[in-house]
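Have a look at the structure below before the remarks.
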Amino acid sequence: MLIFTILITLISQLISGSQEIEISCKPCGVPAKFGTIYLAPGRPPCLHPGQPIFSWPGGLKCPVLGPPTRLWSPKIGLLEEESLVLAKERICFFDGPLKISYQYQCEGSEEIYSSEMKIGHPNFPDRRNFGRVKRWARRRNPDANTVHFQQDKYVRELPEDTPIDTIVASVKATHASKKTLYYSMVAPQDSRSQNLFTLDTTSGEIRLAKSLDRETLDKHILKVTAYERTEPTVLATTTVVVHVLDVQDNVPIFEKDSYFGEIREDAPIGTTVLSVFARDMDADENGEVEYSLADGDGKNLLSINPKSGVVQTSAPLDRETLSIIRLDVIASDKGTPRKESKAFIEITVVDVNDNAPVFEKDSYNITISENITLPAVILTVKASDIDGGQNGKVHYSMASASSGINIDYSSGQVTLRDRIDAKNSPLTAIIRAKDGAQPALSSTVTLTINVIDINDHAPNFIAAQKLITLEENVAIGEEVGRVYAIDEDSGKNGMVSYFLEGAEDFMIDRETGVIRTTRLLDRENVAKYSLKITASDQGTPPLNTSTIISVILKDINDNPPIFEKTEYNVTISEELPRGSQIITLKAKDIDEDQKISYKIEETTRDIFSILEIGEMGAILSISGEISRSDHLIRVEVSATDQGNLQGRCVVNVFVSDVNSAPVFVDHPFSVKIPEHSPIGYPVIALKAIDNDRDSNAALTYTIDTASSEHFKIDATSGELAVARDLDREDLATFTIQVTATDQATPPLSATTQLEVILDDINDNAPQFTSSSYAATISEDIPVGTSFLQVSAIDSDIGANGIVDYFLNETGLSDVGQLFRLDRTSGTLRVNSKLDRETHKELEQLKYHDQHRDGRNGNRSNGQSTRKTKDARKLAFLSKIPENRDFSAENCDFQGFGQKI
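Numbered per mature numbering (1 follows the signal peptide of the UniProt record, and there is no 0), the sequence shown spans residues -17 to -1, 1 to 883.
Printed below as a string of structure tokens:
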């Protein structure tokens, strides 16, 4: 514990003094990137987490004084209160200065800066930049240690076959006071290194204690410490690095002794068969393995990648030539001398059905008699296949359809079961040999069977007309017919000759069977001939066959076809659908055997088609749409015989109308007319259309019974008119049902509805709710006080029914100025101060109403009487004509005084 305290104190002293630091202002002071901060030589080469590294200088002359306020780095941290930089993880300097990246913040700024610094140990300098290194913290304790090694690091290289007890290195340290030093050694990275070396504690000599093996550990790091025996804290350390050099001491070793594989014989060149692998524990060329194939059968068929050990095909394989390839694979390194080892590979070539069966002969040819005894074995074929197993097992079959010839599936024995006609000789059949693979390969061979003929067939007519029809003007020598017979025999037994009997007007060619005339024919003399034709072969004895042919002479065409009528009249409905038959037409030709064709030559409407029905004639039918405007359609039809002689007829097609209901054209549903319109006043003209003809299209218009009291309609034109005086105040709206009826039997009709709305006119005067009004008021009543309200009602609507109220001021002199009548409400108010002594009583103050829009309308007059009370109340009388203008300057009040 005492030693630990002393070490901590020593480290604090090493970093607590003022240090020489190269700085950069960004804007507070940080170490410059191009400099290196070196620790004191007495500091250990490795620092543990929490150990101080150096003190950050303060009082720097930068825009922001002092060190950063915050610092971020995975390797170092800043103790802000003491400006002390601490290690956050284990840091070692064996390989020279370390570059440490960090981020920081300066006081009074939110911006984060990035930078880096180098920290090194003087005992482990960066040799590349050693001349430019500027140490940062030396001033306080430039040399704290009194013990120094001659070298900061000892590096040695030893072959792995170095003999035991060989001196590896001699480390030497000196004491400033020439005191005796002792040495100790540890293996800080791998404990196995500790057992391989020995250290002389007094001389510092390191020797090899055990054999080295680079394949086990190729680098040994030893830490040697020199210290005083009496004062262990006075010490120094150095590092000894021993690199073990490889020697050629290992043979490549295969992972397996034997490798087995299979490959199809049809595998393409370059197909991978198997892969071998060998490892050599040596390094560099001593451990670099190359593969090769040893000599043997099949070596030329394979290749091996010298680097990867992949065995591939290098030539086409043939199982039938070599079914198993057995070779040795050699793995050798590149050391000196070369070392190698072998492994066995066996590759089985899997059979592929690549050979078809082969027949013993290229073709087979046999001869048999036509009357051979059946069934008969006529041949045995043989084929072989060099493939193995099922691939080489051969089966036989007939490849071509040869009726009556069979072959045994296994033995190849060919058997004839049905007789072969000699006329088919020679007969060719195809025999197939197929192996048992899937898919199978096969080969074929031709079997030719020659049959010796026997004359056992008579000729047989296969083309002989039983009836020949000729025109009577046929030319002499012209071919009129032909016969053909065949004989199923062969050779002379199958050669046929023809003979004719029964008429001298005809002859036959013996070889071709062509029948010709020998003279002019006359139908009026002979209309029909019967000819006997005989076909005979040339066998011994000959065989023959006969047939009878009838020859009929035909009349010459000299008469055209004639229709039964030259003109036909047909009536059809306009709704007749397409395809409907209209009439069947037939023409007759008195010439014999005439075939007549029918055709539409002309028509006023192209809506017809004609269909021939043989001897029954032809059917004329509808093929298009019939228009309602069609009344009469004319169709001209021709009949033509085989000699192009022609006859014609005309079909008049009358189209009858089919009654359809009329349809009203679009019209407004509502119509407005003024009330009290004069009788006969036109309301609207309604229109219906009917696409029919004649009486089916003649329309009559009517209205419903209820509407006929007020309206009338013209039965022909459909014009609706007023039938009587109409008063909106009695009925404002009428719904009229209008019907349009055609004159067909039975008639069809259409109905529509119409709404007639009466527009109001000002035909009603306002009516007061009372014929007179009376009121008693005090003479001191305040001006503006209302004391009476009159009311009138007008039966009209809209502006015509709005009532305005006015005083009739004519003849009232200044009395009219005493009162004021509200135009809208009919309220009577005091307009000026009253004096009973001046106006004791005013009677018959008249007033009237009119339209609010200012037009003079119908008026109603009323009167009111006002009496004074207690000799201080007044009454007023106003008289006005009915149609008087009610402007203010025309007011006339009359007053009469009377005591009450």
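Positions of the beta carbon are idealized from the N, C-alpha and C atoms, including for glycine.
This structure is a prediction, so every number in the text was calculated from the model and none was measured.
Helix, strand or coil at residue i [DSSP, three-state]
{"i": "S480", "result": "strand"}
{"i": "E5", "result": "coil"}
{"i": "R73", "result": "coil"}
{"i": "E598", "result": "helix"}
{"i": "K317", "result": "coil"}
{"i": "N635", "result": "strand"}
{"i": "residue 886", "result": "Here the chain has residues from -17 to 883 only, and residue 886 is not among them."}
{"i": "residue 906", "result": "This structure leaves residue 906 out entirely; the chain is present only between -17 and 883."}
{"i": "G60", "result": "strand"}
{"i": "D677", "result": "helix"}
{"i": "S194", "result": "coil"}
{"i": "N374", "result": "helix"}
{"i": "A671", "result": "strand"}
{"i": "E692", "result": "helix"}
{"i": "S519", "result": "strand"}
{"i": "L817", "result": "coil"}
{"i": "A782", "result": "helix"}
{"i": "R175", "result": "helix"}
{"i": "Q231", "result": "coil"}
Straight-line gap, residue i to residue j (C-alpha atoms, nearest Å)
{"i": "L285", "j": "Q295", "result": "6 Å"}
{"i": "R617", "j": "P544", "result": "21 Å"}
{"i": "F482", "j": "S352", "result": "32 Å"}
{"i": "I516", "j": "L424", "result": "57 Å"}
{"i": "I760", "j": "E820", "result": "14 Å"}
{"i": "F444", "j": "G485", "result": "19 Å"}
{"i": "V138", "j": "V225", "result": "6 Å"}
{"i": "T220", "j": "V227", "result": "23 Å"}
{"i": "A420", "j": "A468", "result": "52 Å"}
{"i": "Q231", "j": "E273", "result": "15 Å"}
{"i": "residue 884", "j": "S606", "result": "For the chain, the structure presents residues -17 to 883; residue 884 sits outside this window and is missing."}
{"i": "I785", "j": "A680", "result": "53 Å"}
{"i": "D779", "j": "E712", "result": "7 Å"}
{"i": "T523", "j": "K571", "result": "58 Å"}
{"i": "R110", "j": "I74", "result": "Unreliable placement is indicated for R110, whose pLDDT of 49 sits below 50; the coordinate value is still reported in the next sentence. Looking at the two C-alpha atoms, the distance is approximately 19 Å."}
{"i": "V397", "j": "S306", "result": "36 Å"}
Bounding residues of the alpha helix (DSSP H) (the contiguous stretch that carries residue i)
{"i": "D267", "result": "D267 to G270"}
Proximity of residue i and residue j at Cβ, strictly below 8 Å
{"i": "K548", "j": "C632", "result": "yes"}
{"i": "D173", "j": "L200", "result": "yes"}
{"i": "V739", "j": "V654", "result": "yes"}
{"i": "I441", "j": "N527", "result": "First, the amino acid is wrong: residue 441 is Ala here, not Ile. Cβ atoms of A441 and N527: closer than 8 Å."}
{"i": "T623", "j": "I566", "result": "no"}
{"i": "A70", "j": "I36", "result": "yes"}
{"i": "Y85", "j": "E99", "result": "yes"}
{"i": "H650", "j": "I662", "result": "no"}
{"i": "R212", "j": "P235", "result": "no"}
{"i": "A775", "j": "V646", "result": "no"}
{"i": "F237", "j": "S324", "result": "yes"}
beta-carbon residue i near the ligand ATP non-hydrogen atom, thresh 7 Å
{"i": "F652", "result": "In the structure shown, the ligand ATP is absent, as is every other ligand, since no ligand is present at all."}
Close Cβ partners of residue i (< 8 Å) along its chain, the five nearest in sequence each way excluded
{"i": "L357", "result": "L399, R400, D401 and R402"}
{"i": "K365", "result": "F342, E343 and G395"}
{"i": "P525", "result": "S519"}
Cβ-based neighbour list, residue i, same chain, cut-off 7 Å, excluding 5 preceding and 5 following
{"i": "S678", "result": "Q726 and A727"}
{"i": "K406", "result": "E471, D472, S473 and G477"}
Bounding residues of the beta strand (DSSP E) (the contiguous stretch that carries residue i)
{"i": "residue 886", "result": "Residue 886 is absent from the structure shown; the chain starts at -17 and stops at 883."}
{"i": "V766", "result": "Counting along the chain, V766 falls outside any beta strand (DSSP E), and DSSP gives it neither H nor E."}
{"i": "K162", "result": "Where K162 is concerned, there is no enclosing beta strand (DSSP E), given that its DSSP letter is neither H nor E."}
{"i": "H131", "result": "V130 to F132"}
{"i": "D391", "result": "Looking at the DSSP string, D391 is not in any beta strand (DSSP E), and its letter there is neither H nor E."}
{"i": "A382", "result": "Note, A382: premise wrong, no beta strand (DSSP E); not H, not E."}
{"i": "H31", "result": "Taken as a continuous stretch (DSSP letters only), H31 belongs to no beta strand (DSSP E), as it is neither H nor E."}
{"i": "N443", "result": "N443 to A447"}
{"i": "K282", "result": "No beta strand (DSSP E) contains K282, which DSSP labels as neither H nor E."}
Close-in-space but distant-in-sequence residues of the same chain around residue i (CB under 6 Å, 5 per side omitted)
{"i": "T350", "result": "N433"}
{"i": "V509", "result": "none"}
{"i": "I308", "result": "G281 and I330"}
{"i": "N112", "result": "For N112, the predicted model reports a pLDDT of 46, less than 50, meaning its position is unreliable and no value from the coordinates is stated."}
CB contact check: residue i to chain D, cutoff 8 Å
{"i": "K655", "result": "Given the protein chain composition of this structure (a single chain), no chain D is represented."}
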